[in-house]
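Peer 1: One structure is given below, represented as structure tokens, and several questions about it will come after.
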Amino acid sequence: MTQKTNGGHYHLVEAGIWLILLVSPLAGLFTMELPTWQYVAGAGLIVVFGAVYLCAHTIRVHSKDTVNAALWVIALLIPMIGVTAIMGVWGATMLPYITAVTGSLMPVRMHTIVDLAIISVFGVFVFLTGNLTAWIFFGASVLIAVTVGTQVSATRLSDERVHLAAELELARQRESIYRDVHDLLGHSLTVINVKTSLARRLVDVDKQEAAKELDEIVELSRQSLEDVRRAVRTTHTPSLTAEVEAASSALAAAGIEPRINVHGATDSSLFGWVLREAVTNVIRHSQATECEIDVTPHRLVVADNGIGLPPGTRLGSIADRVSAAGGSLVVPPTDSGTRLEVTA
Numbered sequence: 001m002t003q004k005t006n007g008g009h010y011h012l013v014e015a016g017i018w019l020i021l022l023v024s025p026l027a028g029l030f031t032m033e034l035p036t037w038q039y040v041a042g043a044g045l046i047v048v049f050g051a052v053y054l055c056a057h058t059i060r061v062h063s064k065d066t067v068n069a070a071l072w073v074i075a076l077l078i079p080m081i082g083v084t085a086i087m088g089v090w091g092a093t094m095l096p097y098i099t100a101v102t103g104s105l106m107p108v109r110m111h112t113i114v115d116l117a118i119i120s121v122f123g124v125f126v127f128l129t130g131n132l133t134a135w136i137f138f139g140a141s142v143l144i145a146v147t148v149g150t151q152v153s154a155t156r157l158s159d160e161r162v163h164l165a166a167e168l169e170l171a172r173q174r175e176s177i178y179r180d181v182h183d184l185l186g187h188s189l190t191v192i193n194v195k196t197s198l199a200r201r202l203v204d205v206d207k208q209e210a211a212k213e214l215d216e217i218v219e220l221s222r223q224s225l226e227d228v229r230r231a232v233r234t235t236h237t238p239s240l241t242a243e244v245e246a247a248s249s250a251l252a253a254a255g256i257e258p259r260i261n262v263h264g265a266t267d268s269s270l271f272g273w274v275l276r277e278a279v280t281n282v283i284r285h286s287q288a289t290e291c292e293i294d295v296t297p298h299r300l301v302v303a304d305n306g307i308g309l310p311p312g313t314r315l316g317s318i319a320d321r322v323s324a325a326g327g328s329l330v331v332p333p334t335d336s337g338t339r340l341e342v343t344a
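Given below as structure tokens:
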């Protein structure tokens, strides 16, 4: 709200500065020999024109309604026609104000058509009533009007592009947060479900082991809540080392034997995300008894001996992350299970 108000005040001042040019037709009015009532009417119409222009110009940051814009243009044309009727070609000095308003309130194509129509009609008037001096005066006014209209339209389009870019960036951030929260909760809830089932089976057999599983569930729940809060505040970057340990624990709790090999030091956040998602898929869908995790500084392999994944199962999220990081994802055909290879 503050930005809009400040922007409106800025455009009000900007428009007010240009109103000083209306001194030209006002001065021209009093150089002409006219009845008193025409002096009064002409001056009044110029003042009304300036007031309408000021109001129309200050709404450019708020209004995108072409009907509303057309009404403002008509409101400007009425005093302009009156001034032209009294002062002749002097009315052309108001054309730049018309093109400024059309350029700020109307789409490019529409404001171009409207400007050409108004200038053409005025040109016919000059052709029928004017002389060479009038044509020179009219030509200069048209040149200024076209320049002003083009500049105002270009400025508005630039502002709209900046605004659109900001909206797209906001949408990207929201999508990133949504994806992070989705992935965090998907993984955590899967592991919690597995550990809860295991604890239930152990409670009558090995209470100490069951208590250990319950403690891990509490810790995992706490960590998941913290991860979600962090993801909302900013993009959460998982630690690959922590994800390897979490994967080993989760797989073991699910009755899947983890076979983990880490070659060389690496802490790729991309590999951390992919490993989390891949292990979640293995636990949920694979019905595997073994899961191999092989990590090198530039390559991650997650393979299981299960029944394989249904087409498209959660791989869209992984593919998006890998693509965004400039890596490559390969899921080659295998005799059994699923093999996922990521290169960064």
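Sequential numbering of the sequence shown, starting at 1, is according to UniProt numbering. We treat Cβ as the ideally placed atom computed from N, Cα and C, and that holds for glycine.
(1) Threonine 296 lies in the beta strand (DSSP E); which residues open and close that run?
(2) Which same chain residues end up closer than 6 Å to valine 262 when comparing Cβ atoms and leaving out the 5 residues on each side of it in sequence?
(3) Tell me, please, whether the region 66-75 touches the region 17-27 by the rule of three or more beta-carbon pairs shorter than 8 Å.
(4) Please confirm whether tryptophan 273 and arginine 321 have their CB atoms less than 7 Å apart.
(5) So who's on the other strand from valine 262, going by DSSP bridges?
(6) For leucine 77 and isoleucine 98, I'd like the C-alpha separation in whole angstroms.
(7) Rounded to a whole number of angstroms, what is the C-alpha to C-alpha distance between proline 332 and glycine 326?
(8) Assuming threonine 93 contacts serine 141 (C-beta within less than 8 Å), just tell me the rounded distance between them.
(9) Quick check on alanine 171: buried or exposed, where buried means 16 or more other Cβ atoms within 10 Å of its Cβ?
(10) Given alanine 75, which residues of its chain have a CB within under 8 Å of its CB, disregarding the five upstream and five downstream residues?
(11) Pick out whichever of Gln287, Phe271, Gly337 and Asp215 has its Cα sitting closest to the Cα of leucine 329.
(12) So for alanine 344, helix, strand or coil by DSSP?
(13) Return helix, strand or coil for threonine 5, following the three-state DSSP convention.
(14) For the candidate residues Val302, Val89, Arg284 and Val279, whose alpha-carbon lies nearest to that of valine 121?
(15) Express the C-alpha separation of proline 96 and glycine 149 in angstroms, rounding to a whole number.
(16) Considering only residues of the same chain and omitting the five flanking positions on each side of threonine 196, which have a CB-CB separation below 7 Å?
(17) Around the Cβ of glycine 337, are there at least 16 other Cβ atoms within 10 angstroms (buried) or fewer (exposed)?
(18) Return the CA-CA distance between residue 361 and alanine 211, expressed in angstroms with no decimal places.
(19) For valine 279 and alanine 247, which I take to be in contact (beta-carbon distance under 8 Å), what is that distance rounded to the nearest angstrom?
(20) Taking the straight line between their C-alpha atoms, what separation do you get for glutamine 287 and leucine 202?
(21) Does the beta-carbon of arginine 156 have 16 or more other beta-carbons within 10 angstroms, so that it is buried, or is it exposed?
(22) So glycine 283 packs on valine 194, CB below 8 Å; how close in whole Å?
(23) When we look at the beta-carbon of valine 342 and count the other beta-carbons within 10 Å, is it buried (16 or more) or exposed?
(24) Out of His111, Met32, Thr31 and Ala27, which has the shortest C-alpha to C-alpha gap to isoleucine 46?
Peer 2: Reading off the structure:
(1) On the sequence shown, residue 296 is found 296 positions in, with the first residue counted as 1. Start and end: 290-296.
(2) As a first step, residue 262 is located in the sequence shown; it is residue number 262 there, counting from the start. Answer for valine 262: Val295, listed in chain order.
(3) no
(4) Here residue 273 refers to the residue found at position 273 of the sequence shown. Here residue 321 refers to the residue found at position 321 of the sequence shown. Contact: yes.
(5) If you number the sequence shown from 1, residue 262 lands on position 262. Answer is Val295, bridged to valine 262.
(6) Looking up residue 77 in the sequence shown gives position 77. Looking up residue 98 in the sequence shown gives position 98. So the two alpha carbons sit approximately 8 Å from each other.
(7) Numbered from 1 along the sequence shown, position 332 holds the residue referred to as residue 332. Numbered from 1 along the sequence shown, position 326 holds the residue referred to as residue 326. Rounded to whole angstroms, proline 332 to glycine 326 spans 19 Å at the Cα level.
(8) In the sequence shown, the residue the question calls residue 93 occupies position 93. In the sequence shown, the residue the question calls residue 141 occupies position 141. Their Cβ separation, rounded to whole angstroms, is 6 Å, which keeps threonine 93 and serine 141 in contact under 8 Å.
(9) Walking along the sequence shown from the start, residue 171 turns up at place 171. Exposed.
(10) The residue labelled residue 75 in the question sits at position 75 within the sequence shown. Once the five neighbours on either side are set aside, the close Cβ partners of alanine 75 are Val52 and Ala56.
(11) Here residue 329 is taken as the residue at index 329 of the sequence shown, counted from 1. Here the closest residue by C-alpha is Phe271.
(12) Position 344 of the sequence shown, counting from 1, holds the residue named residue 344. Looking at alanine 344 - three-state DSSP - the assignment turns out to be coil, as it is neither helix nor strand.
(13) Working through the sequence shown from its first residue, we reach residue 5 at position 5. Caution is warranted here: a pLDDT of 38 is assigned to threonine 5, below 50, making its placement in the model unreliable, and the coordinate value is therefore given only provisionally. Threonine 5 falls in the helix class under three-state DSSP.
(14) Numbered from 1 along the sequence shown, position 121 holds the residue referred to as residue 121. Among Val302, Val89, Arg284 and Val279, the Cα nearest to that of valine 121 is on Val89.
(15) The residue you call residue 149 lines up with position 149 of the sequence shown. The residue you call residue 96 lines up with position 96 of the sequence shown. Going from the Cα of glycine 149 to the Cα of proline 96 covers about 7 Å.
(16) Taking the first residue of the sequence shown as 1, we reach residue 196 at position 196. Hits under 7 Å: Ile217.
(17) The sequence position of residue 337 within the sequence shown is 337, counting from 1. Label assigned to glycine 337: buried.
(18) Nothing about residue 361 can be read from this structure; the chain reaches only from 1 to 344.
(19) Position 279 of the sequence shown, counted from the first residue, corresponds to residue 279. Position 247 of the sequence shown, counted from the first residue, corresponds to residue 247. Contact holds; Cβ gap of about 4 Å.
(20) Looking up residue 287 in the sequence shown gives position 287. Looking up residue 202 in the sequence shown gives position 202. Their backbone Cα atoms lie some 21 Å apart in a straight line.
(21) Within the sequence shown, numbered from 1, the residue matching residue 156 stands at position 156. Arginine 156 should be labelled buried.
(22) The count along the sequence shown starts at 1 and reaches residue 283 at position 283. The count along the sequence shown starts at 1 and reaches residue 194 at position 194. The identity of residue 283 in the sequence shown is isoleucine, whereas the question assumes glycine. Confirmed, about 6 Å.
(23) Stepping through the sequence shown from its first residue, residue 342 is reached at position 342. It counts as buried.
(24) Here residue 46 is taken as the residue at index 46 of the sequence shown, counted from 1. When only C-alpha atoms are compared, the closest one is Ala27.
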